[in-house]
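The sequence shown begins at 3 in the working numbering and counts up by one.
For each residue, glycine too, the CB sits at the ideal point set by N, CA and C.
Quick caveat, the model's predicted, so the values are computed rather than measured.
Below is one structure, written out as C-alpha cells; comments come after it.
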Amino acid sequence: MKFNKIVLVDETGLKSWAIEELQKFSLAKISVYSGYPNTEAELVKRIGGAECMFVSWHTQVTETVMKSCPNLKYVGMCCSLYDESSANVDIKYANANNIVVNGIRDYGDEGVVEFVLSELIRLLKGLGENQWKNSPVELTNRKIGIIGMGATGKMLAKALLAFQVNVYYFDRNRGLDVEEAGIIYLPLRQLLSSCEIVSTHLPKNTRLIDGNLFSDLGEGKILINTSLGLTFDKSSFLEWIERVGNYAIFDDCGVSGHYDDFSKYSQIVTNDKVAGWTAEAKERLSKKVIEQLQKYN
C-alpha cells in the first residue's frame with residue numbers, strides 16, 4: 003500500500019536511510035521540513051493534502067489541525083507514546099476518525115542514563131561550577147531514589163547498582179523483577195524523605211511533587227529531572243531550591259522552557275541538550291518508525 007504523499011512536518015530526527023525507505027510508501031516525493039511550525043496554520047500548510055505525516059514530540063497535532071487535513075490516514079509520532087494525556091497528538095480525535103496514530107518507545111534511554119550519571123558525578127565531585135558537599139564525595143553507598151520505573155528508570159537503577167549505590171524506587175505499579183534485582187520499593191513520601199538524591203522519569207504532564215512533598219524532600223538533597231516537562235509544582239520547587247544544600251539537575255526536556263527562571267539560581271544545573279537525543283538514539287528511532295509503518299501496511 004502506498005500513500006498519496008508522506009510529509010515530515012518538523013525535525014523528526016529520522017536518518018537519511020529511513021527517509022529513503024519511507025519514499026517506498028509514498029506516490030509523491032516526500033516533503034521534509036526543518037524547524038518547527040510556529041502556528042497551527044503553518045502546520046496545516048505543511049501537511050497539505052498528504053495522507054501520512056511524521057512528527058516529533060515538539061509539535062502539537064490538535065483536533066483543529068486534523069480537521070483541517072481531511073486526507074490524513076496515518077500519523078507517525080517520532081517520539082514516545084505512553085497514553086492520550088501525555089501525547090502531543092489528539093489521540094481521541096484520531097481514533098474517532100479512523101486516523102491511525104503510532105508512537106514508539108525506548109529509543110533514547112541510554113543517552114538519558116549517561117547524562118544523569120555524568121552530571122551527577124560532576125556535581126558530587128565539584129568538577130563544574132558547583133559542588134554538593136564541602137568535600138568531593140562518591141556515588142558509593144549513597145541513597146538514590148528513582149520515581150518512575152519504566153525503561154529509563156530500570157536502566158538507571160542497574161547502572162547505579164554497579165556503583166554500589168543503595169537504590170530505591172516509587173512507581174504506581176510495583177515490579178517483582180525490579181525488587182528481585184535489589185531495588186527497594188518505598189512509598190513516595192518515604193522515598194523523598196530518606197533518599198539523598200531523587201531522579202524523576204515520568205510521562206509528559208505528570209506532576210507528582212507538590213509543596214507538601216517538597217517539605218518531605220527537605221534540605222541537602224539533589225533533584226534530577228529529564229522527563230518531558232516539569233514533574234513537580236514550579237513555585238514549590240523554587241522555594242525548595244533556596245533551602246540549604248539543595249541542588250537540581252535538568253536537561254533541555256526537563257527544563258521545559260523555564261530557563262529564564264531557573265538560570266537565576268546557581269544551585270540549578272541546566273543544559274540546553276536533550277539528554278537522549280544522540281546519533282544512536284536517532285538510529286533506534288528510525289528503525290522503530292519504519293517497523294511501525296511496515297506493520298500498518
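| Asked | Found |
| --- | --- |
| Using a Cβ-Cβ cut-off of 8 Å (strictly less than) and excluding sequence neighbours within five positions of Thr142, which residues of its own chain qualify? | Phe165, Gln166, Val167 |
| Would you report the Cα separation of Lys26 and Asn132, rounded to the nearest angstrom? | 51 Å |
| Which one or two residues does DSSP pair with Lys145 in a beta bridge? | Asn168 |
| DSSP three-state label for Phe216, please. | helix |
| Excluding the five sequence neighbours on either side, which residues of its own chain have a C-beta within less than 6 Å of the C-beta of Gly130, listed in chain order? | Arg124 |
| Following the continuous beta strand (DSSP E) through Thr202, name the residue where it begins and the one where it ends. | 199-202 |
| From this set, Lys297, Gly113, Lys236, which residue's C-alpha is nearest Asn214's C-alpha? | Lys236 |
| Where are the alpha helix (DSSP H) runs, 4 residues long or more, that stay fully inside the segment 63-128, in chain order? | 65-69, 93-98, 111-127 |
| Can you name the start and end residues of the alpha helix (DSSP H) that Ile185 belongs to? | Taken as a continuous stretch (DSSP letters only), Ile185 belongs to no alpha helix (DSSP H), as it is neither H nor E. |
| Helix, strand or coil for Met55? Go by DSSP, reduced to three states. | strand |
| Could you compute how far the alpha carbon of Val305 sits from the alpha carbon of Phe264? | No statement about residue 305 is possible, as the shown extent of the chain runs from 3 to 299 and does not include it. |
| Which residues does DSSP pair with Leu29 in a beta bridge? | Per DSSP, none; premise fails for Leu29. |
| At which residues does the beta strand (DSSP E) containing Ala250 begin and terminate? | 249-252 |
| Taking C-beta to C-beta, are Val67 and Val46 nearer than 8 Å? | yes |
| Go ahead and pull the three-state DSSP assignment for Leu158. | helix |
| Please report the Cβ distance between Val291 and Phe56, rounded to the nearest whole angstrom; I am assuming they are in contact, meaning their Cβ atoms lie under 8 Å. | 7 Å |
| Spatial neighbours of Lys160 within its chain, please: C-beta separation below 8 Å, excluding the five flanking residues on both sides. | Ala183 |
| What is the rounded straight-line gap between the Cα of Lys94 and the Cα of Glu86? | 7 Å |
| Taking the Cβ atom as the reference point for each residue, do Ser201 and Ile226 lie within a distance shorter than 8 Å? | yes |
| Does the structure place the segment 74-90 close enough to the segment 57-64 that three or more beta carbon pairs sit under 8 Å? | yes |
| Does DSSP put Leu45 in a helix, a strand or coil? | helix |
| Assuming Ile226 is part of the beta strand (DSSP E), what are its boundary residues? | 224-227 |
| Please name the residue, chosen from Lys156, Asn273, Tyr267, Gly147, that lies closest to Lys377 on a Cα-to-Cα basis. | Residue coverage of the chain in this structure runs from 3 to 299, which leaves residue 377 outside it and unanswerable. |
| I want to check one thing, is the minimum distance from the CB of Gly113 to the heavy atoms of the ligand GTP below 7 Å? | Inclusion of the ligand GTP in the displayed structure is not the case, the ligand content being empty and no account of it being possible. |
| For the alpha helix (DSSP H) that contains Leu287, what are its first and last residues? | 281-298 |
| Please say whether Asp173 and Ser195 have beta carbons closer to each other than 8 Å? | no |
| Determine the extent of the alpha helix (DSSP H) in which Ile8 is found, giving its start and end residues. | It is not in any alpha helix (DSSP H) - Ile8 instead sits in the beta strand (DSSP E) that spans 8-10. |
| Going by beta carbon distance, what residues of the same chain come within less than 7 Å of Cys71, once the five residues before and after it are set aside? | Val46, Ile49 |
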